[in-house]
Amino acid sequence: MAAQKVSLATTFFFASALRLGLVFWSVYQDAHFDVKYTDIDYFVYTDAARHVVNGGSPYERATYRYPPILAVILTPNVLLHEAFGKIIFSCLDIAVGVLICNIVRRRGFGERGAQLAAWTWLFNPFTCTISTRGSCEALTAVLMLYCVDALTRGATVQAALAYGTVVHFRLYPIIHVPAFVAFLNTDYIGNRRLFGERVMPKMLSWVTVKNVKFGVVSACTFLGLTWGSFKVYGMEYLNEAMFYHTNREDHRHNFSPLFYSLYLDGHFSLDIDGIALRQTFHGLASGALPMLIIVTSLGLFYARDLSFALFCQTLAFVAFNKVCTAQYFVWWFMLLPLLLPALTRSKHRLKLCAAACCWMITQLHWLAWAYQLEFKAAEVYFQLWCASLIFFLANIVLLLSFIDVYTASPLFSKGKLLKMTKLA
18 MAAQKVSLAT TFFFASALRL GLVFWSVYQD AHFDVKYTDI DYFVYTDAAR HVVNGGSPYE
78 RATYRYPPIL AVILTPNVLL HEAFGKIIFS CLDIAVGVLI CNIVRRRGFG ERGAQLAAWT
138 WLFNPFTCTI STRGSCEALT AVLMLYCVDA LTRGATVQAA LAYGTVVHFR LYPIIHVPAF
198 VAFLNTDYIG NRRLFGERVM PKMLSWVTVK NVKFGVVSAC TFLGLTWGSF KVYGMEYLNE
258 AMFYHTNRED HRHNFSPLFY SLYLDGHFSL DIDGIALRQT FHGLASGALP MLIIVTSLGL
318 FYARDLSFAL FCQTLAFVAF NKVCTAQYFV WWFMLLPLLL PALTRSKHRL KLCAAACCWM
378 ITQLHWLAWA YQLEFKAAEV YFQLWCASLI FFLANIVLLL SFIDVYTASP LFSKGKLLKM
438 TKLA
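Numbering (this note's numbering), first residue to last: 18 to 441.
Here it is, written out as structure tokens:
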């Protein structure tokens, strides 16, 4: 046991050293190479922080789409050193690994399972470079995983505070409301399933002390942070940090097949009697209603295994969303390590590996056409759309493979941890 603990500590030491080295390398590469290591968004954060330091609004920086608190946190980028934010994000990256270990241990997988899960996050080339390039996704990951960690400890108020904060920071976690509500329902604590029961749970059982407490605290946290930001920056904040994400229409760097309709709509618009039909078309074509049904169903059905429910919801949301960029993959990558100890025990894990390989290959296929469009100025929109359709199907196959292979297990039985059991 002692050796295992030392091994886990060594894992975090090397993960920290790796990130520190990458941060130093980023400074060197940015100064000496034409191709920058730092993500373009990091320069946006820093410019927004500079406006705050000068007494202005972070939204004076075009394309800054985040709450003002992020710009405030990163003011040392201006006052101390521009790499300060990367150090903060890297520390949060390590904190994600700690939270993953805590949750996996609490699930009963032991030190070996915790180490496997930690390695998957800490040494994933995609995730460790995301933070050192200056992406703020590690902050989202810490808040989401702390929420899960707190719920598995029975700390409902702490979980609600984290959830309200992460929804303020990133709107997408609002999709997890059904899963949290169902998880805190007494029927789930007793390990009953929502579907498959001869008698459906009474609606009254959905109104519990924990549900009300979680809902009130998380709502107050979200509204308090949002109201405070609005009081300082007014409609400028709401338009840039909130409404923009609900109306976002990207036809570049967008894996979603819907990018093609957005591109065509930018060139051909049709108005009849003053009604913009393109807006109606977008509302229907975006697939918002099917996505809502699928995401809600997944959250309710698998809520008793909260980690799996959140993972499936996030993967489905990213796949069906009308805007899907590479950074969105981090949203479900951060939940994947929580599932790995159970997946390694599955007899059908090769099926999942095959689906994951197909996902990678179809992504590379998409990137090949995107390269032709972005760097060669080739008219390959239709080919890229076909590649997007194939990649979308690969996402669906991946999701279905996880559902088929994973052994879902409830977190609690009368307040105690359960051993792994196959979902009947």
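Here a beta-carbon is modelled for each residue, glycine too, at the ideal position from N, C-alpha and C.
Note that the structure is a prediction, hence the values are computed from the model and not measured.
Assigned secondary structure, residue i (DSSP; H/G/I helix, E/B strand, else coil)
{"i": "Arg150", "result": "coil"}
{"i": "Pro190", "result": "helix"}
{"i": "Cys341", "result": "coil"}
{"i": "Met351", "result": "coil"}
{"i": "Val224", "result": "coil"}
{"i": "Thr28", "result": "helix"}
{"i": "Asp64", "result": "helix"}
{"i": "Arg123", "result": "helix"}
{"i": "Tyr59", "result": "helix"}
{"i": "Tyr254", "result": "helix"}
{"i": "Tyr261", "result": "helix"}
{"i": "Leu463", "result": "With the chain covering 18 to 441 only, the question about residue 463 has no answer from this structure."}
{"i": "Ser107", "result": "helix"}
{"i": "Thr137", "result": "helix"}
{"i": "Phe239", "result": "helix"}
{"i": "Phe328", "result": "helix"}
{"i": "Val40", "result": "helix"}
{"i": "Pro195", "result": "helix"}
Same chain only: Cβ atoms within 8 angstroms of residue i, ignoring 5 sequence neighbours per side
{"i": "Ser363", "result": "Leu369, Val422, Tyr423, Thr424"}
{"i": "Cys237", "result": "Gly181"}
{"i": "Gln344", "result": "Ile147, Ser152, Glu154"}
{"i": "Glu257", "result": "Tyr76, Tyr81, Arg82"}
{"i": "Ala333", "result": "Met308, Ile311, Val312, Leu315, Leu416"}
Status (buried if at least 16 other CB within 10 Å, exposed otherwise) for residue i
{"i": "Ile310", "result": "exposed"}
{"i": "Cys374", "result": "exposed"}
{"i": "Tyr261", "result": "exposed"}
{"i": "Lys393", "result": "exposed"}
{"i": "Arg150", "result": "buried"}
{"i": "Trp244", "result": "exposed"}
{"i": "Gly9", "result": "No answer is possible for residue 9: the residues shown for the chain start at 18 and end at 441."}
{"i": "Trp42", "result": "exposed"}
{"i": "His185", "result": "buried"}
{"i": "Tyr45", "result": "exposed"}
{"i": "Ala167", "result": "buried"}
{"i": "Ala371", "result": "exposed"}
{"i": "Pro84", "result": "buried"}
{"i": "Pro354", "result": "buried"}
{"i": "Met161", "result": "buried"}
{"i": "Thr55", "result": "buried"}
Same chain, Cβ closer than 6 angstroms to residue i, neighbours up to 5 away in sequence not counted
{"i": "Pro195", "result": "Thr313, Gly316, Leu317"}
{"i": "Asn94", "result": "Thr63, Ala66, Phe101, Gly102"}
{"i": "Met351", "result": "Ala158"}
{"i": "Ala395", "result": "Gln389"}
Proximal residues to residue i (C-beta, below 7 angstroms), its chain only, five neighbours per side dropped
{"i": "Ala404", "result": "His382, Trp383, Trp386"}
{"i": "Thr28", "result": "Gln132, Ala135, Trp136, Leu139"}
{"i": "Ile104", "result": "Val40"}
{"i": "Glu99", "result": "Thr63"}
{"i": "Lys248", "result": "none"}
{"i": "Gln330", "result": "Ile192, His193, Ala196, Val312, Leu315, Gly316"}
{"i": "Lys227", "result": "Thr173, Leu201"}
{"i": "Glu253", "result": "Ser74, Tyr76"}
Neighbour flag for residue i against chain C, beta carbons, 8 angstroms
{"i": "Phe30", "result": "Absence of chain C from the displayed structure is noted, only one protein chain being present."}
**Q.** Sequence ranges, alpha helix (DSSP H) only - wholly within the region 367-423, length at least 4
**A.** List check, alpha helix (DSSP H) in window: 398-422.
Q | Continuous alpha helix (DSSP H) assignments of at least 4 residues falling wholly in the region 73-102 | A | Runs found: 85-90, 93-96.
Q: Report the residue ranges of all alpha helix (DSSP H) runs contained in full by the region 152-180; include only those spanning at least 4 residues, in chain order.
A: Residue ranges of uninterrupted alpha helix (DSSP H) with 4 or more members, entirely inside the region 152-180 and ordered along the chain, are 154-170.
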